[in-house]
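Asks: Below is a structure I'd like to ask you about.
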Amino acid sequence: MNGHQPPADGRQATLSRTSVKVEKLENTSLQNATNIKARKAYGEDKPFSEKSGEFPGPRYKSKVEVMTGFGHSEAMHPTRRVQRRSPWFWLSTCLVSVLFVSVSSRSSGTASLSFNQLHGIFTRSWISNLNDVTSRDEESTQLADLTRTDQVQFDNYSLILRGQRVFLYSGEFHTFRLPVPSLWPDILQKVKAAGLNAVSVYTHMGLINPAPGVVDFNGFRALQPLFDAAKEAGIWIVLRPGPYINAETTAGGIPHWITNEVASPLRSNESDWKAAWQDYIQGIIKITAPNQITSGGPVIAIQVDNEYSQDPISHAEYFVDLETVYHNSDIVVPLTYNDPGQGRNFINGTGAVDLYGYDTFAYITFDAYPQRYNCSNPTGWSPVPTNYHAFHADANPSQPLYIPEFQGGSFDPWGPNSPGYESCRALTGPQYESVFYRQLWAGNAKLINYYMFYGGTSWGALPYPGVYTSYDYGGAIAESRALTTKYDEIKRQGLFLRSSPEFHKTDWIGDSSTGTVTSSNPAAFITLLQNPDTHAAFYVARQNDSTSTATTTFKLNVTSPAGALQLPLVMPAITLGGRESKVFVTGYTFGASSKLLYSTTDIFYAGTIDGRDILFLHGNSAQDHEAALLFVGKPTQTHPTISPLVKFTTNSTSLAQNGTTIVSFLAGIEGLVTVWDSDKQLVLFADSETAATFWSPVIAGKSTDPLRNFWGLGTNQSVLVGGPYLVRNATLTGTTLALRGDLKTGVRLTVIAPKSVRTITWNGERVSSDVAASSAVTATGGFVGQLAPKISLASIPVPKLTGWKFKDSLPEIQSSFDDSSWTVADNTTTNIPWKPFYGDGRILYGCNYGYCENTVLWRGHFMATGAEKSVNLSINGGEAFAASVWLNNVFLNTSFGNSTNNRNILEETDDKFVFPAGSLLAGKDNVITVVQDNMGLNESQSTPNTSKSPRGIRGFKLDTGNFTTWKVQGKVGGYNGFLDKTRGVLNEGGLFGERKGWHLPGFSTAGWASRSLSSGLPNNTAGVGFFVTTFKLNIPQDIDAMMSFTFEEPFGQPYRAILFVNGWMMGKRVGNLGPQAKFPVHEGILNYRGENTVAVALWALTPGVTIAPDLQLVVDGVVEGGVGNVVTTNPVWSAAGRT
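Residue numbers for the sequence shown follow the numbering used here, beginning at 9 and rising by one.
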């Protein structure tokens, strides 16, 4: 993908001026239906409605072929409480039967209903509005009974924070997959700029609690920098600390030491498992409690474990154990749950949580991962799920519909035919977002989290065996941190949701299947949602066949404040493109008091800037669109011409007194069009591509308010900014508006701000104004200028990786090697439930000896008689693993695991290794050496103990004779005594070079041989060698250069390479499987203004084959601006523990 760029044709700078002279209209307003005076309503909640039986659904989204669950098929309608009705509702209800509007033609622009009458009905039917952060609307009588705090509440509609109704629009972000805390604000600022207001965050117990009694919140494991950055950005956090998180990570996030040391089933009510997670959860509580919303922090909820069933009772009581710890602490925010199906787990009964959510990922009726995980056919679609509302109405109708995980991409597995993440991004691209995300809205979901929004990197030993290093996930933000075309569509949706508080509280009225909503074409499917207080209506439209690529046209019958209408009134029809969804509104309030009778366009932004009501509409430039508005205020200037692509329809040649105007937008509009510009209103229209180049940064509220950056609570003030690649934030001080963000190219800067603004700065530099162009946008608060990068962004130099030094890293096969310091592998018992297949009773599982991840070496000694011919070994390394075997210094063979796009999976092999003639030393000690790659521990599947993976040798047998001793070696110190506390427990393995610290910056390679990496190992032998080089970078401070290390040789060479950058294990390259050849590495790991060390542990799996890795450092993208100073934390080599 090319990332997020302004259109090449400069459409963000195209300004078409349209203005119509009108007389001042009546200024009425609508009561704000979005702010709630929160109060506890104990005992008034509706009882839960349940049906007998549960839906046993699949639990683990990391498996491609999954089970089938069962769901309700009949539509369920919630019981809706009728609250106070506004006067216009009763009036418009009476008028429904008598009002009828017919459209004569597109060209004539006339309608049979008097527009004076239309306006009169419309304006008199609205009531007053208060649109500031202190106002509140009608009280809910269905607030949840949460006794720990009244600052986080919910009813059957939505979440309520400090009395403010909130549509929680969230993206998943795992900080541990971006191990540079200085860059976390970058992701959060991009989340906020997209219109989202929250992130969902897994924390990784395996990293934070790497050994018994050790809880480490330092460095990239810290939570406080996340909380601080979220508070600064104005982003809420739903914290998901597990202990189990799934997340395509080793053991699902459970520490490796637990998989070895806890005898009982994991995730149960057993005492040893309970004791094992206590320190970690107490640590989470200690860090999180002072960062809850009740203390002015961003944390609004905590999820209990993840994706589990309530049956058997040991599961439910495990939840009780966790909840009891939280309830006996300073945690007061609600506890939530993420059900892996329609299982109705933990809604009621033992272990029930405060707020239930579900993220089904199986082939069942309800599905939050509807496109599945095979990205090989990115144009192939599954139908949209249709029972969100029905299931919610039946399962937990007194709570809002919460989707803790909805598909925002897909993971990609090992294998030569795995398509890669760009295909996953295409599979879940803008069209998918348009249809599937709006279908969530149609189901009346009001808490939605997209998994993943930014995926990041599964560096070190983070991955579970089914995935490789990259965890890009095809997200809206790429692994490199670049914005993608998916980001544009989410931003268009996100700013609509932020701008539409009436949408935060809606009843599901019906859809095309119930006959509630009708249209002229059955190929269109429409769902009606309506605010019960203001009666603003939202019609969510899509193709009836949601997979269709055909274009559909239709007319839609609606009920509006003017009565029954058939839309559009002037244009011939509404157009829906293939795989497109839209939201049409009626009776919609924008700004403080302005009225949108109806619209068949999409809404990008609605709000108030400097007392003026602003409406920014957008639509597909190849389609016609229509909106009916009440233009109010005195036009600020008169223009002699009207765009031929914008038509205004009234009952005469000019707007009459108190008239309503229908604005028709004809196909072909490109760029920004000013539709109406008065002292009271500004109405804009743009094609959707141009709209995506605009931003609406929030202006912080009072400095004394800890929530000053949170939309709707601390501030309702924002500005509109068009043109830049990214606008990170805006600060208004006196008459100066300071903008900060990123540029990719030179652009026209368009700003709509308070008229008091006299100076605009961009990243600290004053921007000159083009007065004529500014007034062409709006005469009040408009600004147009030019932005250009200070330097050429196309010429950021990076060095060639040359000057490699080489040393053999497999001395263990030499007769002189001394393994006396290695761990003796003589255990005869294990807590791992998967027992050895054969042998002499000794357990050869790495985790039994503290070596649970990355490369582990085994040495089996035996006294040879000369009669031995072979050895049988059963080796378990996980999907796509490899293990090479030597007798003494003679290579025997490599045993290969496999994965072919998550098919033909082989995670365990059982092979006979034949001894070549002359390799055996009769009458002497002989050694079988096994170099084994560990691909991570399995996630929990049908049984919690699946994560206790038997990585190691599950069977060993000489054809004659016996082994005397087995020795094992992994990373120095194992999980109890690992050396590198900064990079953590998962960063290193047991290769000789790793144990000696050859991968660390500062290690001296003096005396090593000079040998290029592309030359491979000497003599094309099988084995392991270390290649190390250094290089310098000098990237300017205000440049964000996104870089990757890429292996550019042809696919298929039988080798594995472990890539270390300044000591961090940033990639595992499997040359014969793939698909990953590019490994993004961020500033903070890379030193952008100094020396860097790159080391490659090259493991040649097959002798006599040319293995020539070609590693290059490349620039993937460059922007000027960036997040600011990035701290580099790369501890250098020390001899302590390494000699």
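Note that the Cβ used here is the ideal one computed from N, Cα and C, for glycine as well.
Kindly indicate which three-state DSSP category Y445 falls into: helix, strand or coil?
Replies: Correct three-state label for Y445: helix.
Asks: Using a Cβ distance threshold of 8 Å, determine whether the stretch 755 to 772 contacts the stretch 806 to 814, with at least three qualifying pairs required.
Replies: No, the stretch 755 to 772 does not touch the stretch 806 to 814.
Asks: Measure the Cβ-Cβ separation of W1072 and V1036 and say whether it is below 8 Å.
Replies: Against a cut-off of 8 Å, the Cβ pair of V1036 and W1072 comes out as no contact.
Asks: Could you tell me which of I622, T990, P438 sits nearest to R500, measuring between CA atoms?
Replies: Looking at the Cα atoms, P438 is the closest of the given residues.
Asks: Helix, strand or coil: which one does DSSP assign to S327?
Replies: Just to set this straight, residue 327 is Phe in the shown sequence, not Ser. Helix, per DSSP.
Asks: Since T522 sits in a beta bridge, which residues does DSSP pair it with?
Replies: Looking at the DSSP assignment, T522 forms no beta bridge with any residue, so it has no partner.
Asks: Do N835 and I821 have their beta-carbon atoms positioned less than 8 Å apart in this structure?
Replies: Against a cut-off of 8 Å, the Cβ pair of N835 and I821 comes out as no contact.
Asks: So who's on the other strand from D919, going by DSSP bridges?
Replies: Partner(s): L881.
Asks: Considering only the beta carbon of each residue, do A630 and A675 sit closer than 8 Å?
Replies: In contact: A630 and A675 (Cβ atoms closer than 8 Å).
Asks: Report the residue from K513, D610, G468 whose alpha carbon sits nearest the alpha carbon of K454.
Replies: Measuring from the Cα of K454, the nearest candidate turns out to be K513.
Asks: Note down, in chain order, each residue of its chain lying with its Cβ closer than 7 Å to the Cβ of N884, except the 5 sequence neighbours on either side.
Replies: These residues qualify, in order along the chain: E915, E916, P958, R959, G960, R962.
Asks: What three-state label does DSSP hand F899 in the structure shown?
Replies: F899 falls in the strand class under three-state DSSP.
Asks: Tell me which same chain residues have a C-beta within less than 7 Å of the C-beta of W1016, skipping the five on either side of it?
Replies: Same-chain partners within the cutoff: K813, F814, K815.
Asks: Is the stretch 753 to 765 close to the stretch 787 to 797, with three or more CB pairs under 8 Å?
Replies: Yes: at least three Cβ pairs fall under 8 Å.
Asks: On a CA-only basis, which of G171, N346, N164, S166 is nearest D158? Give me that one, please.
Replies: That would be G171, whose Cα lies nearest to the Cα of D158.
Asks: Pairing CB atoms from the stretch 875 to 892 with CB atoms from the stretch 982 to 1000, are three or more of them under 8 Å?
Replies: Not touching, per the Cβ criterion.
Asks: When you compare only the Cα positions, how much space is there between G518 and Y859?
Replies: Computed Cα separation, rounded: 58 Å.
Asks: Would you kindly work out how many angstroms separate the C-alpha atoms of N205 and W974, rounded to a whole number?
Replies: In a straight line, the C-alpha of N205 is about 55 Å away from that of W974.
Asks: If contact is defined by three or more beta carbon pairs under 8 Å, each pair taking one atom from either stretch, is the stretch 163 to 181 in contact with the stretch 466 to 475?
Replies: The stretch 466 to 475, when compared against the stretch 163 to 181, does not touch it at the 8 Å Cβ threshold.
Asks: Measuring only the C-alpha atoms, how far is Q197 from A237?
Replies: Using only the alpha carbons, I get a separation of about 9 Å.
Asks: What does M1073 pair with, by DSSP beta-bridge criteria?
Replies: Per DSSP, F1068.
Asks: Does the ligand HEM have a heavy atom nearer than 7 Å to the CB of L1067?
Replies: This structure does not include the ligand HEM; it has no bound ligands of any sort.
Asks: Give a yes or no on whether 8 Å exceeds the smallest Cβ distance from I485 to chain D.
Replies: The structure shown contains no chain D; it is built from a single protein chain.
Asks: Leaving out five residues before and five after S783 in sequence, what residues of the same chain have Cβ atoms less than 6 Å from its Cβ?
Replies: Excluding residues within five positions, none has a Cβ falling inside 6 Å.
Asks: Write down the C-beta distance between G417 and Y481 rounded to the nearest angstrom, noting that I regard them as a contact closer than 8 Å.
Replies: So it is a contact: roughly 4 Å between Cβ atoms.
Asks: Using CA atoms only, rank isn't needed, just tell me which of L1109, V340, E331 is closest to T358.
Replies: Out of L1109, V340, E331, E331 has the C-alpha closest to the C-alpha of T358.
Asks: Quick check: the Cα distance between T668 and D420, rounded to an integer number of angstroms?
Replies: Each residue's Cα considered, the two are about 53 Å apart.
Asks: What residues in its chain sit with their C-beta under 6 Å from that of A558, if we drop five residues either side in the sequence?
Replies: Taken in chain order, the residues that qualify are G586.
Asks: Which residue marks the beginning of the alpha helix (DSSP H) containing H264, and which one marks its end?
Replies: From DSSP, the alpha helix (DSSP H) with H264 extends over 264 to 269.
Asks: Assign L363 to one of three DSSP states: helix, strand, or coil.
Replies: In the structure shown, L363 sits in a strand (DSSP, three-state: E or B).
Asks: Which residues bound the alpha helix (DSSP H) around E497?
Replies: Residues 493 to 507.
Asks: Distance check for P378 and V548, CA to CA, integer angstroms please.
Replies: C-alpha separation (whole angstroms): 19 Å.
Asks: Let me check one thing: in DSSP terms, what residues is M871 bridge-paired to?
Replies: Beta-bridge pairing links M871 to D933.
Asks: Tell me whether R88 sits in a helix, a strand or coil according to DSSP, three-state version.
Replies: Its pLDDT being 29, under 50, R88 is placed unreliably in this model, and the value from its coordinates should be taken loosely. Here R88 sits in coil by DSSP.
Asks: Using the rule of at least 16 other Cβ atoms within 10 Å of the residue's Cβ for burial, across every protein chain shown, is R991 buried or exposed?
Replies: So R991 counts as buried.
Asks: Between the Cα of V199 and those of H397, A1144, N457, D918, spot the shortest distance and give me the residue it belongs to.
Replies: Of the listed residues, the one whose Cα sits closest to V199 is N457.
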